[in-house]
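Okay, so the sequence shown: first residue is 464 according to my numbering, each after it adds one. Ideal Cβ positions, reconstructed from N, Cα and C, are used throughout, including at glycine. The structure appears below as structure tokens.
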Amino acid sequence: GYWMERAEHKQTAPATTVDNNGNIANLWLDNSANLLHRADGTLYQNRDWLTINKATSLFAQDTISLMNGRLDLTPAVRLPSIKRDFTNNASEGFQSGATYNVKRTYDDVLPSLGGRFKIDDRFQLFGNVTKNMRAPSNFALSAAVAGGTIANGVRTGNTLNINDSVQKETSVSTEGGVRYTGETFNASATLFNTNFNNRIATSYDPITATTRDYNVGDVQMRGIEAEIGTKPIGGMSYYSSLTLNDSKLQSDYRNAASTTLATTGKKLPDMPSAMLAASVQYSTGPYLVALSGKYTSGVYSTLMNDEKIPGYTTFNLNTAYRFEPSTFFKNTTLRFNMSNIFNKRYLVLNQGSGSSITTTVDATKAGSGLPTYYVSAPRFASVTLSTDF
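Given below as structure tokens:
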């Protein structure tokens, strides 16, 4: 097969005034009359980017059945390519005072192999090996204007410092395990290991003395996943899952021109070491009631593991009643759902694992910063009515 996509992404950052009492003139930035303008009447912009991504993927897959159907092998290969056309229009943003255009291409060959072996009608072994790729974010190409002077509103003598040192991130994931399918319950256990090469995160650029996207080195993630679920017995059913994860940085991290942080062996930020989920459900006739809970262990929020947020447990309730079908309406269902039943308060790191994360909160070290968090959503209840006709 062949897959293709063209995405055009416009990113701007206008501004509006705020008075001494904190009142925002235009909260949603949807009225240009209340936005800040330049002397020539155009809008002030803290950034003004246009990114055009052309992504393609050529792929092939086959399924090979051996040993009278007891062994199945699934070899596959993908050839993805991302062609990025990034334009920075001159704006008031950091090192963005001139218009420039950058084109970059990221591609790779990504093979995979999966297998399944049926021991008997209930037990089967499975495993697969997969290579993946991730391209740097478009903002790795931003803030490249260096030097130059401004006279009468015109910038001249610019030099560009494109951050071409960021390489694509690749990973090889291996997993294997066993599945059981029985008359009363199903279960599975999986061991997994993922090795990242050139993991992308934020680092210090000694040339421009700024913090930008960089490759922080290799990361290893390994662990186990297990799950068990019962089939309905008297209307009752149960499901639970457990994930144990050990994610470690495999190299030290350069965070300044002459400073390296000893991150080898540190835990990967925003990666819980344990997650446990369970749910119990009762269904009879038109009624359905389900109660679920999930525990997430604490996570580190810096590469140096010098700040951590605690774990938390939340519970959710889902109920439903299905009405008898009528002449015009079918599958009419009334639902009442409640999330975070006990209004648990917790924090969530607002930056992705291994991407744009804080290096250290130690202010004595170059490139230090403060992590930012999302505050948990409070208790929420909803009633919905749906139908087919």
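Taking a 10 Å sphere around the C-beta of Ile487, we find fewer than 16 other C-beta atoms and assign the residue as exposed.
In this structure the segment 831-842 lies against the segment 804-812, because at least three pairs of beta carbons, one per stretch, are closer than 8 Å. Bridge pairing for Met801: Leu780 and Ala844 [DSSP]. Separation of Leu754 and Leu766 (C-alpha to C-alpha, rounded to the nearest whole angstrom) is 36 Å.
Excluding residues up to 5 positions away in sequence, Arg469 and Lys546 lie with their Cβ nearer than 6 Å to the Cβ of Lys517 in the same chain. When the five nearest sequence neighbours on each side are left out, the beta carbons in the same chain lying within less than 6 Å of the beta carbon of Ala539 are those of Gln524 and Ser575, in order along the chain.
Pairing Arg510 with Ala609, the inter-Cα distance amounts to about 16 Å.
Rounded to whole angstroms, the gap between the alpha carbons of Asn768 and Thr796 is 48 Å. Spanning the alpha carbons of Asn649 and Gly692 requires a straight line of approximately 5 Å.
In the three-state reduction of the DSSP assignment, Met767 falls in the coil class. A distance below 8 Å between beta-carbons, with the five flanking residues on each side excluded, links Leu529 to the following residues of its chain, in chain order: Asp535 and Leu536.
By a beta-carbon distance limit of 8 Å, Lys828 does not contact Leu751. Their separation comes to about 54 Å. Residue state for Phe648 is assigned as strand, using DSSP reduced to three classes.
In the structure shown, the three-state DSSP call for Leu604 is helix.
Gly640 carries a strand assignment under DSSP once its states are collapsed to helix, strand and coil. Secondary structure of Asn494 (DSSP, three-state): coil. In terms of Cβ geometry, Pro749 and Asn708 do not form a close pair [threshold 8 Å]. Here DSSP, grouped into helix, strand and coil, assigns Asn806 to coil. Runs of the beta strand (DSSP E) spanning 3 or more residues and lying entirely within the segment 694-744 occur at 699-712, 716-719 and 722-724, in chain order.
Taking Leu588 as reference, the option from Leu654, Gly485 and Leu498 with the minimal CA-CA separation is Leu654. In the DSSP assignment, His500 falls outside any beta strand (DSSP E), carrying neither H nor E.
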